[in-house]
Structure formats: C-alpha cells, structure tokens
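First comes the structure, then the notes that go with it.
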Amino acid sequence: MTVSGIPTTRVSDLFISNRLLKQVQSDQVRLYNLQMQLSTGQRFQLPSEDPVSAMQVIGLQRLLERKTQVQTNIQTNQSFLTMTDSALSSVADLAAEASSVGLGAIGATSSDSQREAAAQQIRQIIEEMYTTANQKSRGRYLFAGSRTSVCPFQIAKGNYIEYVGNQQRLSSYGDTNLLFETNVTGDEAFGALSAGVAGTDTHPALTFETRLADLHGGAGVELGSIELSDGVHKVNVDLSNSATIGDVALMIRSEGAKLASDKWVTADVTSEGLVVELHASDGSPAGSLTICEVGNGTTASELGILHEEASGSKIVGESLHPTLRATTNIQDLLGARSTAFLHSSGSDNDLIIRADHNGDLNDIPVVVVADPTVVAGNETVEYAAGTLTIRIKEGATTAANVVAAFEKYYDPETMPFTAELDPQDSSDGGQGLVARTDASNAVSTDCGWGEDLDTEHGLQLVNGDQEVTISLSSVETVGDLLNAINGQGAGLLAEINSSATGIDIHSRYSGADFSIGENGGRTATQLGLRSFTGETRLEDLNFGRGIVDLDENGEPIGDADNSVFIITLRDGTSMEVDVAGVTTIQEVLDAINNQAANHPELPLSERPLEARLATYGNGIELVDRTDGPGTLTVSQSNFSVAANRLGLIPEGMSSNSEAGVAGEPAVLTGSDVNPSEAEGMFTALVRLQHGLETNDQWEISRAMELLNESVENLSFCRADLGARQQSLDLLSDRLDTEDTDLNQVLSVQYDADLVQVITEFSTAQTAFEASLRATAQISGMSLLNYL
Numbered sequence: 007m008t009v010s011g012i013p014t015t016r017v018s019d020l021f022i023s024n025r026l027l028k029q030v031q032s033d034q035v036r037l038y039n040l041q042m043q044l045s046t047g048q049r050f051q052l053p054s055e056d057p058v059s060a061m062q063v064i065g066l067q068r069l070l071e072r073k074t075q076v077q078t079n080i081q082t083n084q085s086f087l088t089m090t091d092s093a094l095s096s097v098a099d100l101a102a103e104a105s106s107v108g109l110g111a112i113g114a115t116s117s118d119s120q121r122e123a124a125a126q127q128i129r130q131i132i133e134e135m136y137t138t139a140n141q142k143s144r145g146r147y148l149f150a151g152s153r154t155s156v157c158p159f160q161i162a163k164g165n166y167i168e169y170v171g172n173q174q175r176l177s178s179y180g181d182t183n184l185l186f187e188t189n190v191t192g193d194e195a196f197g198a199l200s201a202g203v204a205g206t207d208t209h210p211a212l213t214f215e216t217r218l219a220d221l222h223g224g225a226g227v228e229l230g231s232i233e234l235s236d237g238v239h240k241v242n243v244d245l246s247n248s249a250t251i252g253d254v255a256l257m258i259r260s261e262g263a264k265l266a267s268d269k270w271v272t273a274d275v276t277s278e279g280l281v282v283e284l285h286a287s288d289g290s291p292a293g294s295l296t297i298c299e300v301g302n303g304t305t306a307s308e309l310g311i312l313h314e315e316a317s318g319s320k321i322v323g324e325s326l327h328p329t330l331r332a333t334t335n336i337q338d339l340l341g342a343r344s345t346a347f348l349h350s351s352g353s354d355n356d357l358i359i360r361a362d363h364n365g366d367l368n369d370i371p372v373v374v375v376a377d378p379t380v381v382a383g384n385e386t387v388e389y390a391a392g393t394l395t396i397r398i399k400e401g402a403t404t405a406a407n408v409v410a411a412f413e414k415y416y417d418p419e420t421m422p423f424t425a426e427l428d429p430q431d432s433s434d435g436g437q438g439l440v441a442r443t444d445a446s447n448a449v450s451t452d453c454g455w456g457e458d459l460d461t462e463h464g465l466q467l468v469n470g471d472q473e474v475t476i477s478l479s480s481v482e483t484v485g486d487l488l489n490a491i492n493g494q495g496a497g498l499l500a501e502i503n504s505s506a507t508g509i510d511i512h513s514r515y516s517g518a519d520f521s522i523g524e525n526g527g528r529t530a531t532q533l534g535l536r537s538f539t540g541e542t543r544l545e546d547l548n549f550g551r552g553i554v555d556l557d558e559n560g561e562p563i564g565d566a567d568n569s570v571f572i573i574t575l576r577d578g579t580s581m582e583v584d585v586a587g588v589t590t591i592q593e594v595l596d597a598i599n600n601q602a603a604n605h606p607e608l609p610l611s612e613r614p615l616e617a618r619l620a621t622y623g624n625g626i627e628l629v630d631r632t633d634g635p636g637t638l639t640v641s642q643s644n645f646s647v648a649a650n651r652l653g654l655i656p657e658g659m660s661s662n663s664e665a666g667v668a669g670e671p672a673v674l675t676g677s678d679v680n681p682s683e684a685e686g687m688f689t690a691l692v693r694l695q696h697g698l699e700t701n702d703q704w705e706i707s708r709a710m711e712l713l714n715e716s717v718e719n720l721s722f723c724r725a726d727l728g729a730r731q732q733s734l735d736l737l738s739d740r741l742d743t744e745d746t747d748l749n750q751v752l753s754v755q756y757d758a759d760l761v762q763v764i765t766e767f768s769t770a771q772t773a774f775e776a777s778l779r780a781t782a783q784i785s786g787m788s789l790l791n792y793l
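So, in structure tokens, the structure goes:
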C-alpha cells in the first residue's frame, strides 16, 4: 500500500518521514481543536484563531459584565428604596396619630389632665419617629444624605433634634450610561433644615486670580483663540490653556508684544473686566486696536473684549460677573477699590495704584512728575486738590522705589492710596525705571464702587438656647467665614447659595428659634443676613401671627384701638403710637420717630426719642435722650397687644421700662419677634407638645398646620420615591431583555455548532487513524518489499 502524493522512488527517506510526521501532527491539531470545541462549546480559545469574531466577543463580554453589575446595583438599591419607603410609611402613621391627638386637644373644653396626657403621647411619638429617622439598612443610614455612615439625627444641647446629615443624594448606575438617585435625605423627608436666612448678592469683584469657569455667573468662557490687530499687523493669541483671567491678560500681553517692533500691548484686570491697550515705544497711545474672533470662535465676545471696528488704542471690556467662591477674599465683596494702572516702556516697572477701601475714589488723576530735587529712594507721594502726585528722579527711580514711597506716605485720612507691582510685568522685584507722565499717557483711577465689609464687629447668631458671635477679624476668605460659622457647634449650616452670589445660613435644629443679628456694626445687614430688618413685614412676625389677632375673615379681633401703645419718656413726655395700617418694621420706626411730641423737625439724632433696629442682636430699640426722674416706659393701651407682638413688651405683661443712667440716654431693646425655624415634622411635633403643655391654643393650631404641611410634603416625597422604584423595576426588566439579546448575539459569534463539530470530529478521527496506518506501513518498508 502506497501513500498518495509522495513519489517514494524519487525522494529521500528523511523527506518521507518528515512529510508523514507533519500529516499526523496536522491531524492531531485538528482533532484537538475539535475536542476543545466539544468540551467547551466555544468556537475558539485564543483571539488569534478568529480575530474579527474575537473582537466582537470581547466587546460583548465586557458589556454583559457591566450590565450584570448594573443589575446588581439595581437590586441592591431597590432594597434600600424599599426600606426607605417602609420607614416613611411608619413616619406617616406616626404623623397621623399625632394629628389625631392634637385635634382631640384643641379647644377650651379639654382639661389640664387631657392635655398633659396628649403631650405625653406626642413625646412618645417624637421618640418613635426619631428612631425611625435613624434607621439603617446594610450598615447605611437611610436619611443621612451622602454621609451614610453618620447617624443623621442627634439630640443636641437644649434637647433639640439636630440634623447632621447633608442634602446630597446618592447616585448609582441604572444602566451603563444612566445615573439614578438611590436615597431620600433627612431634610427632604422630615424638613430638618430651616429655610435659612438668604444673603443678598455680594457682587464679588474680578481679580487676577478669578477662574474663567467662574465668569458670567458660573457659565464660564468657551476658550479658543482671538486676533489682535493694529490695522497693519495681526497676531493670534491662543487662550485655550488659560485657567484664570490673569492667565488671559498675561497671554494677551505676551503675544501682543509680537504685533510690531515699535508697539506693545497691555491687558489690565479691573474689578469688572479687561482693559486692553496699544502703546507706542514711548508709552503713549498708538494707532487703533481691534480684537476679533478666530474662525467661528466666541472667546473674545465671552471675555467682553470683542472690538472689530478700529476706533482707538484702548478697549474697555464688558463686565464679566464673577461668581462667589470659597476662595473669594472678603475684601472683594460689596464693591471694589478705585484703581489706576501706571505703565512705563520697558519691563519690570508697571504699577497698580489702588484706593485703600471700596467706594467712589474714581477719576483721580495720577501724575508722575520728574523732580530734580528728588533723590532716588526718597520719592514723595501727595494726594491734594483731587490729584495724586508722585515725584520721582527721572532716569533713576524704579517701580520698587515708588511702592516704598506709597508705604511711607500712606495715611487713611490724607493719602488713602497704595501701590503694588503689576504681576504681569514684575520679573525682578520692580527694578525697572518709572517714566514721568504727560498728556499722552496720563491715567486716572476708575472702577471704584460700593462699600467695605464691616469686619470689625461681626455677627450674632441665636439658635435655640445657643447664642454665638462670629468675629471677622481673622477672616480672609469666604471659606474662612463659612468655616467660622459651621465650626461653632451650634447647629448652624452656612453655605454659598445655589446661584453663587451670596451666603445662606440655616439652622439644623428642629423646634428651635433661629435668628441672625448685628454685633454692634453692620456686617449682617451688608451681607443681607439680618433676619429682622426694616423691610420685615408685620404680618410675618411671631411665625405669621402678626401684631394683632385676626378672625377667620382676616379682620382684627377686639377694639378699634388694638394697634395702639404708649411710650413715656424719662422727662414725662407721653406719646401714643398707632400702627394701624402699618405694614413693615421701618414704618413702625417712622411712626414712632415722627410723633408730634418727638420734634420731627429735628435731625433724628437730636430728637428726644429715636426708634431704630437693635445695635446688638435683633428687635426694635428705643433711645430716650431726655433726662428726668422717670423711666423710659412702653405700655399697653386698652389691653392692646401690639407692643407685645412688636417685642417691646414681654408676653403676659402690660408694660416694660428702662431707667438708664443719669446723664446717659436710656435704651430699651425689644425682643426678636421674627425668628425662623425648620418647618418640618419634628418642629411641628415639638411645637405641638409645647403648646399642649402650656395650653397655648394658638401654638397648638399653628403646630397642627405645620404638621399638615409636613405630612403633605411627606406624601410628595413618598410619591417621588415610588416613581423611582417603578423606574428601577422598568430598568430591571429592560436589562433582563437586553441580557437575553446580548447572550444570543454572543452565542452566534462564540458558541460552536455541536452537530457540525461532532461530524467533523468523526471525520477527523478517521483521517487521523488512516494517517497513523499509512505512516506505519511506509515506515516499515525495505528493499525486500521490492524484490
């Protein structure tokens, strides 16, 4: 028997042996591959066996792994949401029970023992709700926000319930590119934070370090390139790597130097925007400067310096409206200092002249005079007749000398200006020479406005039984101020508001009165944080009770003079004050100050009586400048409670007085009747318990209204939670379907056809056996086989 394909009469025995061995090995490999397909059910084991299919299989396997993890996330978070829903259901039941108890105790028919029993029931409900609010699942607190390892509700000093969680929701992947929220915060469910005192817009000034991302109210700037031109030459400035407005100014100045050999460009950062100017070699204005976009970019426009028509050497940019950040210096709030930029040709010699305080010191000419009597190092600075004059030794005075002269002659009353080296030009400590000014390069101060923040006095904050004073003497940035407030341990939460324009302060205590007042200055008022102001409406006082009791139709209850009270001065002068029709605290102050017996024709500071907002804390303050044997007294008129509700007379009393010290004004300070509170579930229950214990029917009614509002909020919270649970169910079903479809596609690419593999295996096995027999026969042949 011969082997086909091998002419044995014409080849060597070695070739025959190698050829047969290769055939056997090839059959073995094929048989092995088929055996692996049968045992694993997969078409290939290595990507090199089928690169195209292998790439598809690897992608599908990775996607399936991610889908599997997402499905695990969904199952885990479904359990958290289910536990949360169960906890909120318990809270709703407890709230319903509290509402029933409260309704049973409203009215004059309930006895003291009934109210005491009801108060005890409310106390027990608070304890049960407190336990529910601190419920955990799988080691994670349900209502702590993102602080899942911190017990969210704790008993604070004064027996208040403090929320120490945060307002951030946790997120998890519900699909490979879809995030969903997996928890409910304690504030959302229980109303654990007060609405807070919202500060006003602090108008932070633009500085060299302001981030581009913080411009335009946080919208930022789309960075690209801009084009500078002097009408003849052009240069592109790539700003794509800039991070701050200072970086932009530096890049414009650096690239602008390439515009022409006899010209140079400066870019100054004012409190509002950029000022770009083209100079001749001697420092005077040179030609016309234009700034254009490059391509379809919008960078110049967003930086406020787009100026496509030639009209002068100076381009004053638009306001860039920076946002408030924790790094913002408090000196840059509420206004800006008037500034002048003093440029000289050459380098290391540019100066920035600033007023020492915010406000209007604008349009002050800054004149540099060459004085032959001046010796370098002994320059003088003078502010007189509305002009700031710097006397130098021409050709010898350096920028550092000028800075030293400003330090020497600075006086807040007579010379309220300072000087510093321009950070864009300073390379060796200001060793460049300063040039005198003339009509061509004269400068004036500009961009000053607003007022300085009062950092001397600080704030007074009252939260429940705790009163804290926040000093700003060592505060440098907004972040320092926030830390100073939050670090008091008094249940306070200070943060930058959502629009990044001001500061908001919240109370973390439920059931506590919260207010912010002055500490002898104007800090709280300037920041818009004072909770008792002239604009406070009377109808909002005393948690919405106002200064007179109203019936169900909104009409005053009682006599027509229920809005009248009497002020008696130490000299015996009596004033009857009627606040009927008055709507704000300022109108109350005006009604007192403008009494006929108070000599309204005199300046307020010279009148016998001055009504003002409290200098320390909050409330109305009466200052009696008369001198006599009597006392400064506020008393009711015909049992009117208007003065009580204004805080001038303590509740339950008919008068309040202050004797003062002989020779000094007598000052009577009323109480704060406009506190805020955390309008939530715990506050409602605490107020209800207190109202039951003191038989205060108005407080009981208000607590019931607050409880109903909290229950309504809880219903919305549970509805949102249910919608999220339903969404997760839909996502889970969709993932199951996708898993089936993806596995089907994977099977087509990766799984072996077992019927075909078995058939091929049988054929391969037969071929392998044939190869072995042929090899055995051929290998055993000798010359005797041919004889």
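Using this note's numbering, the first residue of the sequence shown is number 7, and each one after it goes up by one. Beta carbons are placed, not taken as given, at the ideal position from N, Cα and C, and that holds for glycine.
Buried is the label assigned to A518, since at least 16 other Cβ atoms lie within 10 Å of its Cβ.
With a threshold of 16 other beta carbon atoms within 10 Å, L109 falls short and is exposed. The criterion of a C-beta distance shorter than 8 Å is not satisfied by A211 and L720. Contact annotation: D268 and S294 have beta-carbon atoms that are not nearer than 8 Å. Under the DSSP assignment, C298 falls outside any alpha helix (DSSP H), being part of the beta strand (DSSP E) whose first and last residues are T296 to E299. In the structure shown, E278 falls within a coil segment according to DSSP collapsed to helix, strand and coil. The distance from the Cβ of T208 to that of T507 is about 7 Å, consistent with a contact at the 8 Å cut-off.
I398 carries a strand assignment under DSSP once its states are collapsed to helix, strand and coil. When rounded, the separation of the alpha-carbon atoms in I502 and V203 is 12 Å. Taking each of R129, A500, D118 and A139 in turn and checking the Cα distance to L94, the smallest one comes out for A139. With the rule of 3 Cβ pairs closer than 8 Å, the segment 629-642 counts as touching the segment 652-664. In this structure, the beta-carbon distance from V387 to F412 falls below 8 Å. Around the beta carbon of P158, a 10 Å sphere encloses 16 or more other beta carbons of the protein chains shown; the residue is thus reported as buried.
Rounded to the nearest angstrom, the gap between the Cα atoms of E385 and S446 is 23 Å. Contact check between the segment 329-341 and the segment 193-201: fewer than three CB pairs, one atom from each, fall below 8 Å, which does not count as touching. Under the three-state reduction of DSSP output, M61 falls in the helix class. Here I502 is bridged, per DSSP, to I509. Secondary structure within the segment 61-133: not one fully enclosed beta strand (DSSP E) run of 3 or more consecutive residues is present. Each of T305, Y622, Y179 and V673 was checked against the Cα of D630, and the nearest Cα belongs to V673. A check of alpha carbon separations from L499 across Q77, E168 and S106 identifies E168 as the nearest. Judged by DSSP in its simplified three-state form, L674 adopts strand.
Judged by DSSP in its simplified three-state form, K264 adopts coil rather than helix or strand.
Close CB contacts of R613 within its chain, under the 8 Å cut and outside five residues either way in sequence, are with N599, N604, H605, P606 and R631 (chain order). Residue environment: Y147 is assigned as buried (16 or more neighbouring CB atoms within 10 Å of its CB, all protein chains considered). Under DSSP, M421 forms a beta bridge with D417.
Under the DSSP assignment, D460 falls outside any beta strand (DSSP E); it carries neither an H nor an E label. Between the segment 258-278 and the segment 185-196 there are fewer than three C-beta pairs closer than 8 Å, too few to call the two in contact. Sequence-distant Cβ neighbours of A758 in its own chain, meaning closer than 7 Å and more than five residues away, are Q43, G47, Q48 and R49. In the structure shown, K28 falls within a helical segment according to DSSP collapsed to helix, strand and coil. The Cβ-Cβ distance between D236 and L284 falls below 8 Å. Rounded to the nearest angstrom, the Cβ distance from L533 to T213 is 19 Å, too far for a contact under 8 Å. In this structure, the beta-carbon distance from D274 to F186 does not fall below 8 Å.
Three or more beta-carbon pairs drawn from the segment 650-659 and the segment 677-685 are found closer than 8 Å, and the two stretches are therefore classed as touching.
By alpha-carbon distance to L427, the top candidate from G470, D417 and V409 is V409.
Counting the other CB atoms within 10 Å of its CB gives Q75 a total below 16, which places it among the exposed residues. F571 is bridged by DSSP to V583 and Q642.
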